[in-house]
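Residue numbers (the working numbering), protein chains in the order written: chain A, 5 to 277; chain B, 5 to 277.
Read through the structure below, which is laid out as structure tokens, and then see the notes.
Below you can see the structure in the form of structure tokens.
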């Protein structure tokens, strides 16, 4: 069973796509073809989107699903005249909000997801630069500025999580790979122990680590189950002894790891997207 | 005017927060205090969330706004018994979808935003590693693998856009800073001209570039309006002559730049989030 899904937005459509992805993943037996139509910010473009929906309806022989986030009522009306099942995420919730708050919304396109104020724009860019400059233990000299320092063995998701924390939340995240020579006597490197409260550990099941490492360096010592078991056991014993909070990332997405870090370390967002 | 907003999700809550941010930005006169309650995946946690909402209602003296994405009906029912205005983004759209598709949803928590299959997980991680390894012209030897190569003067958003393309879409994005010595005779460096079809230019208004550069190096030649004007004019003339598509990023968010690149270059997502 196949069905075409269209995303129609006056901005990027990323919000609509993300929510729709979560909804559509509930219908496992259906294969969804996805089409993103971003930046639909004029009546002309809304009418072009409507024609596209109608073409799809004709070709497919079934009603296309349309997820939209259109602030402007006239554009939404144009879309709703199409042959698709139009679910507008903006309109659905703006009315109850207006009623509860007792004020009309400004109905202005592009209030969010813009560059924001110069301050928050700068906070986000700074966080990205910080994550890049303090990735993988390149340097340990900026840890006084860090909001969090992710630690763990190689390939547990430290780099993607640091970048996501920066892009999504504007948080200053460094990361440091724990490798054996650093921990000869089982004690943390001084650069880390000085900032113990900022440390957060990412661990993993040895067999999952073996899988991930094997993609990169198959049949190596580095990717052997024996080595993975050894490293994970060693690092987790340090986490426990030093009182460093840690999570098992084996079945977690980058978003889930990042959200858990935010929650556990009680970090404040510096940027809203 | 102040109002507390709570996000309650069985996963990260990022989708609910993003859509809510876009909705709430329509009410400029209201200051919203935001509380994220992620990973509410048991009745016990849903009841704790409900108690939290009720406390906020008592303290604030006005109804809290609650955006939720709860797949499980029992958890949602617990939340709806609270004193908040509960808007469940999942429930609102799952019913019309079930009706249109003629099948019941699986109602399983955590189908999306998980690690996905090993293939898509790996595609996303590979894209992140690619963006890191091919940032800022560090190397030009992997351009045959690139989906897109972003080019432009320094501080036009190339690095954040590359990382976002990787994290959000799993796309292989390199970026290369166009600096004057590279273009002595106004021709593109060979590493770039070999891959002309993959090039996408990020440009910017000289005065906006001056602002951004001044944050970093105030009162320098680098951040002077004269230098910014000179570089932008020079690079845009190359873009035009070489037929490289380019956009003005001055008032665009990272999401908007990335979406425009995807659309213009007709890039396919390798990863869905």
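Ideal Cβ placement from N, Cα and C applies to all residues, glycine included.
Please confirm whether residue i has its beta-carbon closer than 9 angstroms to some beta-carbon of chain B.
i: residue 250(A); result: no
i: residue 171(A); result: yes
i: residue 43(A); result: yes
i: residue 269(A); result: no
i: residue 69(A); result: yes
i: residue 258(A); result: yes
i: residue 177(A); result: no
i: residue 240(A); result: no
i: residue 144(A); result: no
i: residue 75(A); result: yes
i: residue 208(A); result: no
i: residue 198(A); result: no
i: residue 219(A); result: yes
i: residue 139(A); result: yes
i: residue 101(A); result: yes
i: residue 147(A); result: no
i: residue 104(A); result: yes
Rounded C-beta distance between residue i and residue j? I'm assuming under 8 angstroms.
i: residue 270(B); j: residue 173(B); result: Not confirmed; about 13 angstroms, so no contact.
i: residue 196(A); j: residue 177(A); result: That belief does not hold up - the Cβ atoms of residue 196(A) and residue 177(A) are roughly 14 angstroms apart, past 8 angstroms.
i: residue 1(A); j: residue 169(A); result: Because residue 1(A) is not part of the residues shown, which for chain A are 5 to 277, the question remains open.
i: residue 41(A); j: residue 79(A); result: About 12 angstroms; that fails the 8 angstroms criterion.
i: residue 101(B); j: residue 135(B); result: That belief does not hold up - the Cβ atoms of residue 101(B) and residue 135(B) are roughly 34 angstroms apart, past 8 angstroms.
i: residue 218(A); j: residue 227(A); result: 4 angstroms
i: residue 175(B); j: residue 151(B); result: 5 angstroms
i: residue 8(B); j: residue 44(B); result: The Cβ separation is near 17 angstroms, so there is no contact.
i: residue 210(B); j: residue 239(B); result: The pair is not a contact, with the Cβ atoms about 11 angstroms apart (cut-off 8 angstroms).
i: residue 53(A); j: residue 12(A); result: 5 angstroms
i: residue 212(B); j: residue 254(B); result: 4 angstroms
Tell me the residue span of the beta strand (DSSP E) that contains residue i.
i: residue 73(A); result: 69-73
i: residue 204(A); result: 203-207
i: residue 35(B); result: 35-41
i: residue 91(A); result: 89-92
i: residue 153(A); result: 152-156
i: residue 10(A); result: 6-13
i: residue 250(B); result: 250-252
i: residue 179(A); result: 177-181
Is residue i close to chain A? Criterion is C-beta to C-beta, closer than 9 angstroms.
i: residue 134(B); result: no
i: residue 83(B); result: no
i: residue 118(B); result: Note that residue 118(B) scores a pLDDT of 48, beneath 50, so its modelled location is shaky and nothing firm can be said.
i: residue 109(B); result: yes
i: residue 233(B); result: no
i: residue 193(B); result: no
i: residue 229(B); result: no
i: residue 180(B); result: no
i: residue 128(B); result: yes
i: residue 262(B); result: yes
i: residue 40(B); result: yes
i: residue 266(B); result: yes
i: residue 213(B); result: no
i: residue 226(B); result: no
Which first and last residues belong to the alpha helix (DSSP H) in which residue i is found?
i: residue 171(A); result: 162-173
i: residue 218(B); result: 210-220
i: residue 197(B); result: 194-197
i: residue 268(A); result: 258-268
i: residue 233(B); result: 229-246
i: residue 54(A); result: 47-64
i: residue 80(B); result: 77-84
For residue i, verify whether its CB is less than 8 angstroms away from any heavy atom of the ligand GTP.
i: residue 232(A); result: Absence of the ligand GTP is noted for the structure shown, with no ligands found whatsoever.
The region 77-87 of chain B contacting the region 96-109 of chain B, beta-carbon criterion three pairs below 8 angstroms: Touching, no, given that fewer than three Cβ pairs across the two stretches are closer than 8 angstroms.
Segment contact flag, the region 57-69 of chain B with the region 65-77 of chain A, C-beta cutoff 8 angstroms, min 3 pairs: The count of Cβ pairs closer than 8 angstroms, one atom from the region 57-69 of chain B and one from the region 65-77 of chain A, stays below three, leaving the stretches out of contact.
Would you check if there are 3 or more beta carbon pairs closer than 8 angstroms linking the region 124-133 of chain A to the region 32-39 of chain B? No, because fewer than three Cβ pairs between the region 124-133 of chain A and the region 32-39 of chain B fall closer than 8 angstroms, the two stretches do not touch.
Using a Cβ-Cβ cut-off of less than 8 angstroms, give me the residues of the region 8-19 of chain B that come near chain A, in sequence order. Sequence-ordered contacts of the region 8-19 of chain B with chain A read 15, 16, 17, 18 and 19 [C-beta pairs closer than 8 angstroms].
Cβ-based contacts, 9 angstroms cut-off: residues of the region 86-99 of chain A near chain B: Taking 9 angstroms as the upper bound on Cβ-Cβ separation, chain B lies near residues 89, 91, 93, 94, 96, 97 and 98 of the region 86-99 of chain A.
Is the region 89-96 of chain A in contact with the region 6-22 of chain B, if contact means three or more CB pairs nearer than 8 angstroms? Counting C-beta pairs with one atom in each stretch, the region 89-96 of chain A and the region 6-22 of chain B have fewer than three that are closer than 8 angstroms, which means they do not touch.
Below 9 angstroms between beta carbons is the criterion; list the residues of the region 21-36 of chain B that meet it against any residue of chain A, in chain order. For the region 21-36 of chain B, which is checked against every Cβ of chain A, the residues closer than 9 angstroms are 21, 22, 23, 24, 25, 26, 27, 28, 29, 30, 31, 32, 33 and 34.
Counting Cβ pairs closer than 8 angstroms, one from the region 141-151 of chain B and one from the region 234-249 of chain B, do we hit at least three? These segments do not touch.
Chain B contacts made by the region 150-171 of chain A, where a contact means CB separation under 7 angstroms: Answer set for the region 150-171 of chain A: 163, 164, 167, 168 and 171.
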